[in-house]
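Chains A and B are the protein sequences, given in the same order. Residue 3 is where the first sequence starts when you use the numbering used here, and the numbers rise one by one after that. Residue 156 is where the second sequence starts when you use the numbering used here, and the numbers rise one by one after that. Where is the CB? At the ideal position from N, CA and C, for every residue including glycine.
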Amino acid sequence: MNPVSGAADVSEPAPRIVDKPLTGKAAEPVPVILLVDDDEITRISMAGRLKRLGYRVIEAGDGVAGLAAIRAQRPDLVILDWMMPGLDGPSVCEAVRADGELRSSQVVLMTAHDQPEQIAEGLSRGADDFLSKAASKQEVLARVQASLRSSALVREIERTRDDLDRSHRLLSAKQAELESELQSAADFMRAQLPLPGMPAPGVSMQWAYQPSLALGGDLFQVSAWGSETLGLYILDASGHGVAAALRAVALMSFLREDNLAKAVGSFDPGAIVTEANRRFPLTQDGEYFTLWVGRLHLPSRTLSYAAAGHSGALLHSLQGASQWLSSASLPLGFDPTIAFDSATAQLQPRDRLYLLSDGIYEAPSPTGELWGRDRLQATLESHRTHTLAHSIGDTMTTARQWLGDDIFPDDVALLGVEVLDSPCPAKEKS
Amino acid sequence: MQIIERRIGQSVILDLTGELTYANRAPFKAAVERCRQGGCRHLILNMQGVRFLDSSALGTLALLAQSFSATPGMVGLLNPQSYVKEIVTLANLHQILPVYQSEQEALAGRCLPAAG
């Protein structure tokens, strides 16, 4: 059924351009005007005037048919008679403004009476403008053109809004996809980290890890290298995010036990770092790694270690003073020709070895003061009588309190290894 | 970051002020490239006004040392302060980038063989 049929006399006369206002704009679509008036003579007369001005006119004979025509045709301009049986002009205006799809329609109320009170009521009920039935040809043309300009602007804004909505939906979908992929990558990275617990008999291990973005460039590992030794390392890829994470995984692959046996032929930390220095030069953007590698001989509790620009290993001794296990050394790739030497340290039962990234002690306070290695060391030492898990957790909390935030500006890793009281099993070398 | 270029004889001194970080490494690299294009073989980075250096900037400086050394040429750091000095020392950067305490020393460093 035609939505504007029935009592209304609706027709869509072919456009007939007889006046000049639209001359020169033939390439543009002819504006469509819906004329709603129950008085047939007035309607035909006004329709004729509009058609002679070059507009395409559709007609409706009452408010209900007019509203249906607005929904069906979405005209550029609606000219409504005030007085109509059933739904009068102001009521149609209200219905249009209440409809989310139609509310931006341009509506002009047409009346024989243009008293100020009537104009005020019409405007308050949703009309955009008024047109007197007795208006001259010039006034009709001027008001219609003004209303069509407004209509064109509103349509343009609506198109822009729709474009923005579409772009926003597209971007949101892409963002969700990207975040999902990043989360998968972050899960993969986290899966590379060791399980807290006992990596070897007589040794316990706990850690905390918080990348500054979804993906971090800090990685660490503690795993058995043969039956009597424990391999430990912590690496820091410069930069943050995906690129740093990918490079970190590449170095982590190099540091796998089976690869070290092939690529280095030794588990000596100095030899490992020297080979890594040769294989991982500075990138063209100046990206690089710092690395600390340790090898703990379990029967003798002797730790050998080597570092490339990484200063984050602290030996917290139960008996003596704590000791930072690092030496001034270049990061990987700064000078591919140099060799790195191993140093050694002797661990005693219940000594703790902490591997950590610089992100924790370089946490700035709200005033910009860095937390510093001294405060970090003092915090770790204050937890001597607490469990390793408590020590790690509380130290992270203290660092966050210093920072005044939960999110560190750099990747943060803090790993603790404790040599237990129980004697290490004496296994024969194979 | 503010960068002012001064030419003294065959050397170029870049007076750096502010923070040398990942975020502003582009203008720094552009300033260095302009010096290089101008035929500079001896570059002195005046670090006195640099209050912060991040890990990315360390890599940029190392890359600079490698590329100037290959030219051949020479880059030196002049008068790094407090935190920057500590970072340079911790990273052992002075092994590949000589550090000078005065401009005269730095300019005289031009005559020394490039750091390897």
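CA-CA distance, H450 of chain A and R162 of chain B?
-> Outside the modelled stretch of chain A, which goes from 3 to 432, sits residue 450 of chain A, for which no answer is possible.
is_contact[D337 of chain A, chain B] using C-beta, thresh 8 Å = Reading the first sequence from its first residue, position 335 is the one you call residue 337 of chain A. With 8 Å as the cut-off, D337 of chain A counts as an interface residue toward chain B.
Anything in chain A within Cβ reach of I100 of chain B, meaning under 8 Å, just list it in chain order.
-> Only positions 156 to 271 of chain B appear in this structure, which leaves residue 100 of chain B out of reach.
Can you grab the Cα-Cα spacing for the pair P198 of chain A / T285 of chain A, in whole Å?
-> On the first sequence, residue 198 of chain A is found 196 positions in, with the first residue counted as 1. On the first sequence, residue 285 of chain A is found 283 positions in, with the first residue counted as 1. Straight across, the Cα-Cα distance linking P198 of chain A with T285 of chain A is about 33 Å.
Mind listing, in chain order, the continuous alpha helix (DSSP H) runs of no fewer than 4 residues lying wholly within the region 254–315 of chain A?
-> Annotation note: the region 254–315 of chain A contains the following uninterrupted alpha helix (DSSP H) runs of length 4 or greater, listed N- to C-terminal: 259–265 and 271–281.
Taking only the alpha-carbon atoms, compute the straight-line gap between D337 of chain A and T292 of chain A and give it to the nearest angstrom.
-> Walking along the first sequence from the start, residue 337 of chain A turns up at place 335. Walking along the first sequence from the start, residue 292 of chain A turns up at place 290. Note on geometry: alpha-carbon atoms of D337 of chain A and T292 of chain A lie some 13 Å from one another.
By Cβ distance below 8 Å, which residues in the same chain neighbour Y305 of chain A in space, the five residues on each side in sequence not counted?
-> Locating residue 305 of chain A in the first sequence gives position 303, where the first residue counts as 1. The residue you asked about is not Tyr; residue 305 of chain A is Leu in the sequence shown. Cβ within range, chain order: G296, R297, L298, H299, L317, L327, T346, A347, Q348, L349 and L355.
CB contact check: E289 of chain A to chain B, cutoff 8 Å = Position 287 of the first sequence, counting from 1, holds the residue named residue 289 of chain A. Yes, E289 of chain A lies at the interface with chain B (some Cβ there is under 8 Å from its Cβ).
Does DSSP classify K27 of chain A as helix, strand or coil?
-> Within the first sequence, the letter at position 25 stands for residue 27 of chain A. Residue placement at K27 of chain A cannot be trusted, given a pLDDT of 48 that sits under 50; the coordinates are not used to answer.
Considering only the beta carbon of each residue, do P33 of chain A and L150 of chain A sit closer than 8 Å?
-> Counting from one through the first sequence, the residue named residue 33 of chain A turns up at place 31. Counting from one through the first sequence, the residue named residue 150 of chain A turns up at place 148. It is a contact, given that the beta carbons lie within the stated cut-off.
Euclidean distance between Cα positions of D412 of chain A and E371 of chain A | Position 410 of the first sequence, counted from the first residue, corresponds to residue 412 of chain A. Position 369 of the first sequence, counted from the first residue, corresponds to residue 371 of chain A. The straight-line gap from Cα to Cα measures roughly 15 Å.
Taking DSSP as the reference, what is the three-state secondary structure of P203 of chain A?
-> As a first step, residue 203 of chain A is located in the first sequence; it is residue number 201 there, counting from the start. Three-state DSSP puts P203 of chain A in coil, outside helix and strand.
Same chain, Cβ closer than 6 Å to E420 of chain A, neighbours up to 5 away in sequence not counted | Sequence index remark: in the first sequence, residue 420 of chain A carries index 418 (1-based). Within the same chain, Cβ atoms closer than 6 Å to the Cβ of E420 of chain A are found at S206, R354 and L390, the five residues on either side in sequence being excluded.
What does a CB cutoff of less than 6 Å around A100 of chain A pick up in its chain, not counting 5 residues either side in sequence?
-> For the purposes of this step, residue 100 of chain A is identified with residue 98 of the first sequence, where counting begins at 1. The beta carbon of A100 of chain A sits closer than 6 Å to no other beta carbon from its chain once the five residues preceding and following it are set aside.
Inter-residue Cα distance where the pair is G374 of chain A and D408 of chain A | The residue you call residue 374 of chain A lines up with position 372 of the first sequence. The residue you call residue 408 of chain A lines up with position 406 of the first sequence. If you take the alpha carbons of G374 of chain A and D408 of chain A, they lie about 18 Å apart.
Inter-residue spacing [alpha-carbon to alpha-carbon] between V266 of chain A and A250 of chain A = As a working note, residue 266 of chain A is residue 264 in the first sequence. As a working note, residue 250 of chain A is residue 248 in the first sequence. Rounded to the nearest angstrom, the two C-alpha atoms are 19 Å apart.
Give the residues from the region 230–248 of chain B that approach chain A closer than 9 Å (Cβ to any Cβ), ordered along the chain.
-> Listed by position along the chain: Y238, T244, L245, A246, N247 and L248.
For T346 of chain A, write down the residues that DSSP places opposite it in a beta bridge.
-> Here residue 346 of chain A refers to the residue found at position 344 when the first sequence is read from its first residue. DSSP output for T346 of chain A lists A:S306 as bridge partner(s).
Would you tell me roughly how many angstroms separate the C-alpha atoms of S257 of chain B and Y235 of chain A, rounded to the nearest one?
-> If you number the second sequence from 1, residue 257 of chain B lands on position 102. If you number the first sequence from 1, residue 235 of chain A lands on position 233. The C-alpha of Y235 of chain A is placed about 40 Å away from the C-alpha of S257 of chain B.
If you draw a straight line from the C-alpha of S224 of chain B to the C-alpha of A226 of chain A, how long is it?
-> Within the second sequence, numbered from 1, the residue matching residue 224 of chain B stands at position 69. Within the first sequence, numbered from 1, the residue matching residue 226 of chain A stands at position 224. Counting only the Cα atoms, A226 of chain A lies some 42 Å from S224 of chain B.
Span of the alpha helix (DSSP H) around W404 of chain A | Taking the first residue of the first sequence as 1, we reach residue 404 of chain A at position 402. Run containing W404 of chain A: L390 to L405, per the alpha helix (DSSP H) assignment.
Counting pairs of Cβ atoms below 8 Å between the region 191–199 of chain B and the region 210–229 of chain B, do you hit three or more?
-> Result yes; three or more Cβ-Cβ pairs closer than 8 Å.
What residues in the region 180–194 of chain B have a beta carbon less than 7 Å from any beta carbon of chain A?
-> Against chain A - using a Cβ distance shorter than 7 Å - the region 180–194 of chain B contributes no residues.
T369 of chain A (DSSP reduced to helix, strand or coil) = Counted from its first residue, the first sequence places residue 369 of chain A at position 367. Under the three-state reduction of DSSP output, T369 of chain A falls in the coil class, being neither helix nor strand.
Can you tell which of A:L69, A:G65, A:A114 and A:L37 has its C-alpha closest to the C-alpha of K135 of chain A?
-> Mapped onto the first sequence, residue 135 of chain A falls at position 133. Of the candidates A:L69, A:G65, A:A114 and A:L37, the one whose C-alpha sits nearest the C-alpha of K135 of chain A is A:A114.
Is any beta-carbon of chain B found at less than 8 Å from that of L327 of chain A?
-> Your numbering for residue 327 of chain A matches position 325 in the first sequence. With 8 Å as the cut-off, L327 of chain A does not count as an interface residue toward chain B.
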